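Student: Start counting at 1 in the sequence shown, then tack on 114, and there's your number in my numbering. Using N, Cα and C, we set each Cβ at its ideal position, and we do this for glycine too. Predicted model, so just to flag it, every value in this text is computed and none were measured.
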Amino acid sequence: MKILIVYYSFEGSCKYVAEEISKNLNAEILELKPKTDVKTKGILKYVFGGKQAFSNEKPELLPLEKNINSYDFIFLGTPVWAWNYAPALKTFFSEHKIKEKKMALFCCSGGGKGKTLENMKKELCENEVMGEMEFVNVLKQTKYNMEAAVGNWVDNIMETF
Ligand SMILES: Cc1cc2nc3c(=O)[nH]c(=O)nc-3n(C[C@H](O)[C@H](O)[C@H](O)COP(=O)(O)O)c2cc1C
Numbered sequence: 115m116k117i118l119i120v121y122y123s124f125e126g127s128c129k130y131v132a133e134e135i136s137k138n139l140n141a142e143i144l145e146l147k148p149k150t151d152v153k154t155k156g157i158l159k160y161v162f163g164g165k166q167a168f169s170n171e172k173p174e175l176l177p178l179e180k181n182i183n184s185y186d187f188i189f190l191g192t193p194v195w196a197w198n199y200a201p202a203l204k205t206f207f208s209e210h211k212i213k214e215k216k217m218a219l220f221c222c223s224g225g226g227k228g229k230t231l232e233n234m235k236k237e238l239c240e241n242e243v244m245g246e247m248e249f250v251n252v253l254k255q256t257k258y259n260m261e262a263a264v265g266n267w268v269d270n271i272m273e274t275f
């Protein structure tokens with residue numbers, strides 16, 4: 115089974131989780147990269163990022179370096195922005211029709227995922243979602259806790275095969 119982990123990450127949490135999944139499954143990774151991302155990681159990120167999220171913007175992405183259609187199982191991860199998936203995923207969904215895949219969805223948040231996972235599932239309704247997870251405050255957790263959290267989640271999904 116060919117597995118791909120697709121993610122966007124602004125501050126590193128989703129990147130960390132994606133890399134941890136990859137370590138567990140020896141799977142390939144594809145990072146979604148906006149051509150121009152929100153410029154500041156300071157407090158103003160909430161203003162600029164929030165504006166992007168609330169005004170439903172779809173930031174242009176750099177061309178994808180992998181062909182999603184050639185994988186059987188796709189993990190998809192996003193930070194939570196304004197209780198939803200990040201704008202980069204909005205672009206991704208509008209440009210790439212994913213169907214008939216097995217999938218697992220994750221989001222990284224500060225504890226308030228809102229409708230993130232629900233809304234992702236709506237976009238991915240032609241796929242079989244085998245697992246979903248909210249990882250909270252990833253960068254404040256110990257490496258040990260995160261390894262266990264990601265490892266257990268991945269094991270549970272893979273046990274269903
Ligand atoms: C613009 C913006 C909006 C956010 N909105 C939420 C939110 O609605 N709920 C939440 O729990 N965290 C929210 N966060 C926090 C991020 O989801 C959290 O820090 C996440 O771990 C970031 O993932 P990343 O490090 O992969 O970018 C927001 C962060 C930003 C920058």
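(1) For ligand 1, is there any heavy atom lying closer than 7 Å to the beta carbon of LYS276?
(2) Which residues mark the beginning and the end of the beta strand (DSSP E) in which LYS129 is found?
(3) In the DSSP assignment, the beta strand (DSSP E) including LYS216 goes from what residue to what residue?
(4) Kindly list the residues whose CB is nearer than 6 Å to the CB of ILE119, restricted to its own chain and excluding five residues on each side of it in sequence; keep chain order.
(5) Looking at CYS222 and ligand 1, is the gap between the Cβ and the nearest heavy atom below 7 Å?
(6) Which runs of the alpha helix (DSSP H) at least 4 residues long sit entirely within the segment 227-259? Give them in chain order.
(7) CB VAL252 to CB TYR122, shorter than 8 Å?
(8) Count the other CB atoms within 10 Å of the CB of ASN170; is the residue buried (16 or more) or exposed (fewer)?
(9) Given a threshold of 16 other Cβ atoms within 10 Å of its Cβ, counted over all protein chains shown, does TRP267 qualify as buried or as exposed?
(10) Ligand 1 and VAL264: does any heavy atom of the ligand fall closer than 7 Å to the residue's C-beta?
(11) Start and end of the beta strand (DSSP E) containing LEU178?
(12) With H, G and I counted as helix, E and B as strand and the rest as coil, what does DSSP make of ASN198?
(13) Quick one: any contact between the segment 154-168 and the segment 185-202, if contact means 3 or more CB pairs under 8 Å?
(14) Short check: CB of GLU179 to CB of THR205, under 8 Å?
(15) Among the residues of its own chain, which have a CB less than 7 Å from the CB of LEU176, if the five just before and after it don't count?
Tutor: Once the coordinates are examined:
(1) The structure shown does not extend to residue 276, since the chain spans only 115 to 275, so no value can be given for it.
(2) Not the beta strand (DSSP E): LYS129 falls in the alpha helix (DSSP H), residues 127-139.
(3) Unbroken beta strand (DSSP E) run through LYS216: 216-223.
(4) Excluding five sequence positions before and after ILE119, the CB atoms of its chain that fall closer than 6 Å to its own CB belong to ALA132, ILE135, SER136, ALA141, ILE143 and PHE189, given in chain order.
(5) Yes, the beta carbon of CYS222 sits closer than 7 Å to at least one heavy atom of ligand 1.
(6) Runs of the alpha helix (DSSP H) inside the segment 227-259: 230-237.
(7) In this structure, TYR122 does not lie closer than 8 Å to VAL252 by Cβ.
(8) So ASN170 counts as exposed.
(9) Per the 10 Å Cβ criterion, buried.
(10) Not so, every heavy atom of ligand 1 lies at least 7 Å from the Cβ.
(11) Neither: LEU178 is in no beta strand (DSSP E) and is coded neither H nor E.
(12) ASN198: strand per DSSP, three-state reduction.
(13) Pairwise C-beta distances place the segment 154-168 in contact with the segment 185-202, as three or more of them are shorter than 8 Å.
(14) It is not a contact, given that the beta carbons lie outside the stated cut-off.
(15) Within the same chain, LYS147 and LYS149 come within 7 Å of LEU176 by CB-CB distance, once the 5 residues on both sides are set aside.
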